[in-house]
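Asks: Encoded as structure tokens, here's the structure I'll be asking about.
2 protein chains.
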Amino acid sequence: MTDIATRVYNHTWKIDPIVRSVLDTDFYKLLMAQTIFRRHKAVQVTFGIINRTTSVRLAHLIDIGELKEQLDHIRTLRLSRGESTFLRGNMFYGKRQMFSPEFIQWLESFRFPDYHLERKGDQYELKFEGPWIETSMWEIPALAVLMELHSRSVTKGLGKFELQVLYARAMTRVWEKIGRLKQLPDLSIADFGTRRRHGFLWQDWCVQAMIEGLGNAFLGTSNCLIAMRREVEAIGTNAHELPMVYCALARNDKELAEAPYRVLADWQEDYDGNLRVMLPDTYGSRGFLDRAPDWVKHWTGLRVDSGDPIEGGEIAIDWWRRRGQDPHRKLAIFSDGLDVDAIERIHAHFHGRMRIGYGWGTLLTNDFRGLGPDGGLDPFSIVCKVISANGRPAVKLSDNPIKATGPQAEVERYRRVFDVGAQASLPVAV
Amino acid sequence: MTDIATRVYNHTWKIDPIVRSVLDTDFYKLLMAQTIFRRHKAVQVTFGIINRTTSVRLAHLIDIGELKEQLDHIRTLRLSRGESTFLRGNMFYGKRQMFSPEFIQWLESFRFPDYHLERKGDQYELKFEGPWIETSMWEIPALAVLMELHSRSVTKGLGKFELQVLYARAMTRVWEKIGRLKQLPDLSIADFGTRRRHGFLWQDWCVQAMIEGLGNAFLGTSNCLIAMRREVEAIGTNAHELPMVYCALARNDKELAEAPYRVLADWQEDYDGNLRVMLPDTYGSRGFLDRAPDWVKHWTGLRVDSGDPIEGGEIAIDWWRRRGQDPHRKLAIFSDGLDVDAIERIHAHFHGRMRIGYGWGTLLTNDFRGLGPDGGLDPFSIVCKVISANGRPAVKLSDNPIKATGPQAEVERYRRVFDVGAQASLPVAV
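Going down the list, the protein sequences come from chains A and B. Going by the working numbering, the residue at position 73 of the first sequence is 75; the numbering climbs one at a time, nothing skipped. Going by the working numbering, the residue at position 206 of the second sequence is 208; the numbering climbs one at a time, nothing skipped.
Listed below in structure tokens is the structure:
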């Protein structure tokens, strides 16, 4: 029997919306939003999309009208009552009432602000200008929309069974990866793949496969909506946008040099335990750690998000030791373009030497390499980054110079202030 | 929205029936039934299940109560009005009214007769005794039920995602086979996989994948129900049961030697064109062809169903030439345990030398080799064969002595009468 009502109802949708909930975003966005809400409501920040893989000509693949429809749909979203209840009542990182009533009240009233969309040659310019706390919320849904419209464009025209086998192959691939991960002792891994996922339903499938396949070794997902629906932990801490904005607002070189530590000082007022995981690579990990005030050594851990992961982990262990800390009690979260090969290599190298976690992103939720027609579903690297704060340019250096962003003169100034020497370039796949 | 009515309705099923239609059977059963209906209504034939793969202990894997429920459900089936209309109105092998009104009237009133089921050690004894035309109808559904209960038993206890990936892998495998078959010039291939399918839905999936993937190179399916639903050709001719019964009924060695040709004489009264495809291997192909009356050379083709397929094809070409026939106008249908490797080999050898067709069976609709837990879904060889006709034992020799059936003394007598010399044993996988 066909459910006629469902079928007729489905016909009333004008579009097939990609992002259907304010919570279809990464958990760190909410944690950062609360910190911004408490301290930086007046700061104006511009975010912009950068497609690092220019060979993927998004403006040819994605219809601008469909892109607008999806972005406009996101602007109609509001936090639902059940979602609000989840944020108020759920335990996050072992703690109840992670979010203050004032912040949740703000989130309930939140609407996504306007966007600026323009075609520029083969690519789209997509920018968000306005209060930091509002524009920041666009990062994940904007990327998710572009990624999924790209997937839809590439798969359009495939036959029904061709499509089914496409997903069958991708499922088998994920499952075989899970099978390999199962072998790793004391594994702790989370899904970090929202922003560059193949599509929402696919991310949801991957999370459920991880739940069944990995059991307790699967820590949870960075996606708040999926965490809520699948009843797993919402995972995440903070991102480069915090030091980037703090640094952009610095009035001189001295304030600039101190700004990354001010991020930590503020953060530790708001969050503790496993949320005190720093992201040292924004302006070079080694210098960041060497120059860190002594109280930073008490943080639970750090994230290795660019550069060679083995080198990044060794720098961390070395730093903890020099600061008199026992690395076995410290946590390193690896999260840069991971796939199973890298995870196995990192695990073999560091297991037993410190606590380890993995944030598995694009190659969990979007590994269709070789499966799409003409490689059309192969990964590409697209980010949504802070361009400026209160009109001043924002800069990121990273541990991999290919990932650097910002005007050249400012990049040079930052390299001088943060004493970043020669850096090895590594290929960026995702 | 959940369709409440559907859900409640589904709960009212006592079992999940495997065979749900009289037409969920092979087309050749109906063609043979019409021939039996016209000539042999009074003949009593016993069919019995033989599981050649004794290492698969069916009585341990399949609950006898569930088996009975499935067989009893089949006994409740009757030809539906739409199915009857299909048989009356559809064109089969280019011909309208393939089935006489009298035969369809009989089929409308047909009910599956009783069965005899008993556990014998690790296996089940499952026999059907009664009028040939009725017991013959049990062959395909009985095998389909045993196969699918076996599949269900092996997959019971698998997780939801484990199951999904199991089917994802099987789908990918079928699709990759189809991709290889696409490369073959002038391919003509049909699904012959009903009797030893993994399950009904899986066979239906395979047929649809062949439709999309192979286009016109896919000739159709032997399964009448799927042919009707998917609007493709119903494919099939005749089987060993015809010469086996005709031979069992022979009163002396002379009649025995002539019986296989009486099958053809009767058949060509009923069917012409591409349905005049003989099955020469029941008592040795070489002798059958050598001793055939001259009119047999006018038949359209033959089926190579046991022994080495290259040798079988060469025997056919040689015979046609010796009888003054042009092999290019003749048809050989290969149907013995085929998979893509064999099809490619046969095609490379014979393409351009005669018309070729492939009946792809178990390794299309049941290739789960290595995919089930502990190889539990690996193929096994189960058949439903004529045991006796009017109380006299039935014998099959085949071109592969491993496939021979019947009492030893009778097998020896048949070998003498049909002058079957030394035969090479070939492994029987499916």
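Even for Gly, the Cβ is constructed at its ideal location relative to N, Cα and C.
Are the beta-carbon atoms belonging to E243 of chain B and S138 of chain B less than 8 angstroms from one another?
Replies: In the second sequence, the residue the question calls residue 243 of chain B occupies position 241. In the second sequence, the residue the question calls residue 138 of chain B occupies position 136. A contact, by the Cβ cut-off of 8 angstroms.
Asks: I want to know whether the stretch 116-133 of chain A touches the stretch 301-308 of chain A - three or more CB-CB distances under 8 angstroms.
Replies: Result no; under three Cβ-Cβ pairs closer than 8 angstroms.
Asks: Starting from D193 of chain A, find everything on chain B with Cβ-Cβ shorter than 8 angstroms and list it in chain order.
Replies: For this step, residue 193 of chain A is matched to residue 191 along the first sequence. The premise fails here: D193 of chain A is roughly 14 angstroms from chain B at the closest Cβ pair, so nothing lies under 8 angstroms.
Asks: Determine the extent of the beta strand (DSSP E) in which W322 of chain A is found, giving its start and end residues.
Replies: Position 320 of the first sequence, counted from the first residue, corresponds to residue 322 of chain A. Unbroken run through W322 of chain A is the alpha helix (DSSP H), 311-324; no beta strand (DSSP E).
Asks: Shorter than 8 angstroms from the beta carbon of D5 of chain B to some beta carbon of chain A?
Replies: Numbered from its first residue, the second sequence carries residue 5 of chain B at position 3. D5 of chain B counts as touching chain A.
Asks: Taking the beta strand (DSSP E) that D193 of chain A falls in, what are its first and last residues?
Replies: Residue 193 of chain A sits at position 191 when you count from the first residue of the first sequence. Start and end: 191-193.
Asks: Can you name, in chain order, every residue of its own chain whose Cβ lies under 6 angstroms from the Cβ of W207 of chain B, other than the five neighbours on each side?
Replies: Position 205 of the second sequence, counted from the start, is the residue given in the question as residue 207 of chain B. Closer than 6 angstroms at the Cβ level, and outside the excluded window around W207 of chain B, lies no residue.
Asks: Please report the distance separating the alpha-carbon of P19 of chain B from that of F88 of chain B.
Replies: Translated into the one-based positions of the second sequence, residue 19 of chain B becomes position 17. Translated into the one-based positions of the second sequence, residue 88 of chain B becomes position 86. Whole-angstrom Cα-Cα distance: 23 angstroms.
Asks: Start and end of the beta strand (DSSP E) containing S390 of chain A?
Replies: Working through the first sequence from its first residue, we reach residue 390 of chain A at position 388. 384-391 is the span of the beta strand (DSSP E), which, as asked, contains S390 of chain A.
Asks: Roughly how far, in whole angstroms, is the beta-carbon of T239 of chain A from the beta-carbon of V298 of chain A, given that I think they are within contact range, below 8 angstroms?
Replies: The residue given as residue 239 of chain A occupies position 237 in the first sequence. The residue given as residue 298 of chain A occupies position 296 in the first sequence. Not really, about 15 angstroms apart at Cβ, beyond 8 angstroms.
Asks: Against chain A, with Cβ distances strictly below 8 angstroms, would A219 of chain B count as a contact?
Replies: Indexing the second sequence from 1 puts residue 219 of chain B at position 217. Answer no: the Cβ-Cβ gap between A219 of chain B and chain A never drops below 8 angstroms.
Asks: Enumerated in chain order, which unbroken segments of the beta strand (DSSP E) with a length of 3 residues or greater are wholly contained in the stretch 174-236 of chain A?
Replies: Taking only runs of at least 3 residues, the beta strand (DSSP E) segments lying wholly in the stretch 174-236 of chain A are 191-193, 220-223.
Asks: Considering N12 of chain B, what are the terminal residues of the beta strand (DSSP E) in which it resides?
Replies: Taking the first residue of the second sequence as 1, we reach residue 12 of chain B at position 10. No beta strand (DSSP E) contains N12 of chain B, which is instead part of the alpha helix (DSSP H) from 6-13.
Asks: In chain order, what residues of the stretch 194-205 of chain B put their CB closer than 9 angstroms to some CB of chain A?
Replies: Cβ contacts with chain A come from no residue of the stretch 194-205 of chain B.
Asks: Of all the CB atoms in chain D, is at least one closer than 8 angstroms to the CB of T8 of chain A?
Replies: Here chain D cannot be found, since the structure's protein chains are A and B.
Asks: For E120 of chain A, which beta-bridge partners are listed by DSSP?
Replies: The sequence position of residue 120 of chain A within the first sequence is 118, counting from 1. Its beta-bridge partners are A:E127.
Asks: Closer than 7 angstroms between beta carbons: that is the criterion. Which residues of the stretch 263-289 of chain B meet it against chain A?
Replies: Cβ contacts with chain A come from no residue of the stretch 263-289 of chain B.
Asks: Which partner residues does V418 of chain A have in the DSSP bridge list?
Replies: The residue you call residue 418 of chain A lines up with position 416 of the first sequence. Here the sequence assigns Arg to residue 418 of chain A, which means Val is not the residue at that position. According to DSSP, R418 of chain A bridges with nothing at all.
Asks: Would you report the Cα separation of T27 of chain B and P429 of chain B, rounded to the nearest angstrom?
Replies: The residue given as residue 27 of chain B occupies position 25 in the second sequence. The residue given as residue 429 of chain B occupies position 427 in the second sequence. Taking the straight line from one Cα to the other gives about 27 angstroms.
Asks: Provide the residue span of the alpha helix (DSSP H) that contains I345 of chain A, from first to last.
Replies: Position 343 of the first sequence, counted from the start, is the residue given in the question as residue 345 of chain A. It spans 342-352 - the alpha helix (DSSP H) in which I345 of chain A sits, taken as one unbroken run.
Asks: Per DSSP, what kind of secondary structure is M280 of chain A in: helix, strand or coil?
Replies: By 1-based counting over the first sequence, the position of residue 280 of chain A is 278. M280 of chain A falls in the strand class under three-state DSSP.
Asks: Can you pull the chain B residues whose beta carbon is under 7 angstroms from the beta carbon of Q166 of chain A, in chain order?
Replies: Taking the first residue of the first sequence as position 1, residue 166 of chain A is located at position 164. Near Q166 of chain A (Cβ distances below 7 angstroms), the residues of chain B are M173.
Asks: Contact criterion: CB-CB distance below 8 angstroms. Does Q107 of chain B meet it with respect to chain A?
Replies: The residue you call residue 107 of chain B lines up with position 105 of the second sequence. No - not a single Cβ of chain A is within 8 angstroms of the one on Q107 of chain B.
Asks: Return yes when the Cβ of F101 of chain B is within less than 8 angstroms of the Cβ of W140 of chain B, no when it is not.
Replies: For the purposes of this step, residue 140 of chain B is taken as the residue at position 138 of the second sequence. For the purposes of this step, residue 101 of chain B is taken as the residue at position 99 of the second sequence. Not closer than 8 angstroms, so no.
Asks: Within 8 angstroms of any Cβ in chain B, is that where the Cβ of A229 of chain A sits?
Replies: By 1-based counting over the first sequence, the position of residue 229 of chain A is 227. Judged by the 8 angstroms Cβ criterion, A229 of chain A is not in contact with chain B.
Asks: To the nearest angstrom, how far is the alpha carbon of D268 of chain B from that of A259 of chain B?
Replies: As a position in the second sequence, residue 268 of chain B is number 266, starting the count at 1. As a position in the second sequence, residue 259 of chain B is number 257, starting the count at 1. Approximately 16 angstroms between the Cα atoms of the pair.
Asks: Going by C-alpha to C-alpha distance, which of B:Q72, B:Q205, B:A44, B:V176 sits closest to K16 of chain B?
Replies: For the purposes of this step, residue 16 of chain B is taken as residue 14 along the second sequence, with counting starting at 1. K16 of chain B has its Cα closest to that of B:Q72, out of B:Q72, B:Q205, B:A44, B:V176.
Asks: Is it right to say V234 of chain A is buried, meaning 16 or more other beta carbons lie within 10 angstroms of its own, or is it exposed?
Replies: As a first step, residue 234 of chain A must be located in the first sequence, where it is residue number 232. The residue in question, V234 of chain A, is buried, as its Cβ has 16 or more Cβ neighbours within 10 Å.
Asks: Are the stretch 304-324 of chain A and the stretch 333-342 of chain A in contact at 8 angstroms, needing three or more beta carbon pairs?
Replies: Yes: the two stretches touch, three or more of their Cβ pairs being nearer than 8 angstroms.
Asks: The alpha helix (DSSP H) spanning R83 of chain A covers which residue range?
Replies: Start at 1 with the first residue of the first sequence, and residue 83 of chain A comes out as number 81. Residues 83-91.
Asks: Can you name the start and end residues of the beta strand (DSSP E) that R98 of chain A belongs to?
Replies: Counted from its first residue, the first sequence places residue 98 of chain A at position 96. From DSSP, R98 of chain A is part of no beta strand (DSSP E); its letter is neither H nor E.
Asks: Report buried or exposed for I440 of chain B, applying the criterion of at least 16 other Cβ atoms within 10 angstroms of its Cβ.
Replies: Outside the displayed range of chain B (3 to 432) lies residue 440 of chain B, so it cannot be described from this structure.
Asks: Any idea if G377 of chain B is buried or exposed, counting beta-carbon neighbours within 10 angstroms, 16 or more meaning buried?
Replies: Here residue 377 of chain B corresponds to residue number 375 of the second sequence, with the count starting at 1. Exposed, by the Cβ-count rule.
Asks: Straight-line CA distance for L281 of chain A to A241 of chain A?
Replies: Looking up residue 281 of chain A in the first sequence gives position 279. Looking up residue 241 of chain A in the first sequence gives position 239. Roughly 7 angstroms separates the two Cα atoms.
Asks: Straight-line CA distance for P329 of chain B to H351 of chain B?
Replies: Looking up residue 329 of chain B in the second sequence gives position 327. Looking up residue 351 of chain B in the second sequence gives position 349. Their backbone Cα atoms lie some 14 angstroms apart in a straight line.
Asks: To the nearest whole angstrom, what separates the beta carbons of R121 of chain B and I64 of chain B, a pair I think is in contact under 8 angstroms?
Replies: For the purposes of this step, residue 121 of chain B is identified with residue 119 of the second sequence, where counting begins at 1. For the purposes of this step, residue 64 of chain B is identified with residue 62 of the second sequence, where counting begins at 1. The pair is not a contact, with the Cβ atoms about 10 angstroms apart (cut-off 8 angstroms).
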